[in-house]
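J.: The numbers in the working numbering rise by one with no breaks, and the one at position 142 of the sequence shown is 1514. Glycine included, C-beta positions come from ideal geometry on N, C-alpha and C. The model shown is predicted, which means the values in this text are computed figures rather than measured ones.
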Amino acid sequence: MNAKLKILVTGANGFIGRKLVAALDAANHEVVRLQRKHEVGVLQCDLLDSVKTETVLKNLEGIDVLVHTAAMAHGQKLPKGHGTDSVNVQMTKNLINGLKGSVGKVVFLSSVSIYGLENFSDDLLLQKNPQPVTGYGRGKLACEGLFFRGGFTEVHTLRLSPVFDKLHLKDIRKRVVLPGTRGIKMRIIPPPEYSLLHISNLVEYVKDLMTSNNAGNWLHHLSDPKPYSQRKICEWFNGINLPVPVFLTRPLYVVAGLLPMRIRCRFRESYRKLFETTVFGQSKFQIDDN
1373 MNAKLKILVT GANGFIGRKL VAALDAANHE VVRLQRKHEV GVLQCDLLDS VKTETVLKNL
1433 EGIDVLVHTA AMAHGQKLPK GHGTDSVNVQ MTKNLINGLK GSVGKVVFLS SVSIYGLENF
1493 SDDLLLQKNP QPVTGYGRGK LACEGLFFRG GFTEVHTLRL SPVFDKLHLK DIRKRVVLPG
1553 TRGIKMRIIP PPEYSLLHIS NLVEYVKDLM TSNNAGNWLH HLSDPKPYSQ RKICEWFNGI
1613 NLPVPVFLTR PLYVVAGLLP MRIRCRFRES YRKLFETTVF GQSKFQIDDN
């Protein structure tokens, strides 16, 4: 029988956080929930507030594992003076400082968005030094470094493909529905394939990590065993199919070369994620902390 652990989960009221809390609780662990939104029986804390974070965390005792899911994502309203990258980095810094080395094991939920304009035509293997082009990707990569250099005994960074279930398809919808419409589905020809990650597979992976004993810093790619065809994903949504041959969209990619550097990179990243196969091979390896 596995030992009962005391696990701190940040972002406990988010889509992923809620699922992890329920699964870890069901596995007979003691789960401490931490979130920004007030809720009875839950630790309430804005991780951007360094003083409040330190006050809340110093009263916690005996935390065995930190599972850090809290993050500001694309499209969310950001605090004044922050970008997506800086807000996530500051929250992570405050969290690490507040814990003051009291936790040995960390599971950090990162993202494949850190890979920017990498070539996705074949399985993209884990890389230590990718080049993100969005604020979200840059922030996630910076947070990885904070944990790897944070003095923890065991750190697992999970670079996640887009996570979904049947009720949470916002990220997937962007690969199907024509922008600016509700019911027109792009049927891309030929159909690209995408790596995605069902929430149930993520939950099982994290549960298994709770009982691992692998000291050091570890990088993981997580995705479902087989990629999903864009044609198959179209079946998940209602609407009218609009055939979109890829060759007709290529001029958009070329013309984007005239845009300012940052806008060009972001546009081309979005284009390639939509119209080209993006497959991430599931793997892990241990790295040093330099």
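1) With 16 other CB atoms within 10 Å as the buried threshold, where does residue 1456 fall?
2) So which of 1578, 1478 and 1649 has the shortest CA-CA distance to residue 1560?
3) Tell me the rounded alpha-carbon separation between residue 1376 and residue 1450.
4) For residue 1510, which option in 1474, 1462 and 1546 has the closest C-alpha, if you only look at C-alpha atoms?
5) Evaluate residue 1412 with the Cβ neighbour count: other Cβ atoms within 10 Å of its Cβ, from every protein chain shown; 16 or more gives buried, anything less gives exposed.
6) Distance, Cα to Cα, residue 1432 vs residue 1415?
7) Is the beta carbon of residue 1403 less than 8 Å from the beta carbon of residue 1388?
8) If distances are taken between C-alpha atoms only, which option among 1393, 1507, 1475 and 1436 comes closest to residue 1448?
9) To the nearest angstrom, how far is the alpha carbon of residue 1418 from that of residue 1445?
10) Is it true that the CB of residue 1593 sits closer than 8 Å to the CB of residue 1652?
11) Between the stretch 1547-1563 and the stretch 1581-1596, do three or more beta carbon pairs fall short of 8 Å?
12) As a quick exercise: from 1502, 1474 and 1513, pick the residue whose alpha carbon is nearest that of residue 1458.
13) Within the chosen definition, does the stretch 1595-1605 reach the stretch 1625-1637 through at least 3 CB pairs nearer than 8 Å?
14) Give the secondary structure of residue 1573 by DSSP, where H, G and I count as helix, E and B as strand, and everything else as coil.
15) Output the boundary residues of the beta strand (DSSP E) element that contains residue 1506.
16) Please confirm if the stretch 1462-1479 is in contact with the stretch 1419-1430, defined as three or more CB-CB distances below 8 Å between the two stretches.
17) Evaluate residue 1392 with the Cβ neighbour count: other Cβ atoms within 10 Å of its Cβ, from every protein chain shown; 16 or more gives buried, anything less gives exposed.
18) Return the chain-ordered list of same chain residues with a C-beta closer than 7 Å to the C-beta of residue 1386, the five sequence neighbours on each side being excluded.
19) Taking the straight line between their C-alpha atoms, what separation do you get for residue 1477 and residue 1655?
20) Compute the distance between the beta-carbons of residue 1527 and residue 1466, then report whether it is under 8 Å.
21) Return the CA-CA distance between residue 1373 and residue 1399, expressed in angstroms with no decimal places.
22) Could you check the C-alpha separation between residue 1605 and residue 1564 for me, to the nearest Å?
23) Can you tell me whether DSSP reads residue 1580 as helix, strand or coil?
24) Among 1480, 1646 and 1381, which residue has its Cα nearest to the Cα of residue 1617?
T.: Working from what's here:
1) So residue 1456 counts as buried.
2) Closest option to residue 1560, Cα to Cα, is 1649.
3) Residue 1376 and residue 1450: Cα-Cα distance of roughly 37 Å.
4) Cα-wise, what sits closest to residue 1510 is 1462.
5) So residue 1412 ends up on the exposed side.
6) Whole-angstrom Cα-Cα distance: 10 Å.
7) Residue 1403 places its beta carbon 8 Å or farther from that of residue 1388.
8) With distances taken between Cα atoms, residue 1448 lies closest to 1507.
9) Distance between the alpha carbons of residue 1418 and residue 1445: 16 Å.
10) Cβ atoms of residue 1652 and residue 1593: closer than 8 Å.
11) No, because fewer than three Cβ pairs between the stretch 1547-1563 and the stretch 1581-1596 fall closer than 8 Å, the two stretches do not touch.
12) When only C-alpha atoms are compared, the closest one is 1513.
13) Between the stretch 1595-1605 and the stretch 1625-1637 there are fewer than three C-beta pairs closer than 8 Å, too few to call the two in contact.
14) The answer is helix: DSSP assigns residue 1573 an H, G or I state.
15) Secondary structure note for residue 1506: it is in no beta strand (DSSP E), with a DSSP letter that is neither H nor E.
16) They touch, by the three-pair rule.
17) Counting the other Cβ atoms within 10 Å of the Cβ of residue 1392 gives 16 or more, which makes it buried.
18) The answer, listed in chain order, is 1441.
19) Rounded to whole angstroms, residue 1477 and residue 1655 show a C-alpha spacing of 20 Å.
20) No. Outside cutoff.
21) Caution applies to residue 1373, whose pLDDT of 45 falls short of 50 and renders its modelled position unreliable; the model cannot decide the point.
22) Whole-angstrom Cα-Cα distance: 11 Å.
23) Helix.
24) Nearest to residue 1617 by alpha-carbon distance, out of 1480, 1646 and 1381, is 1646.
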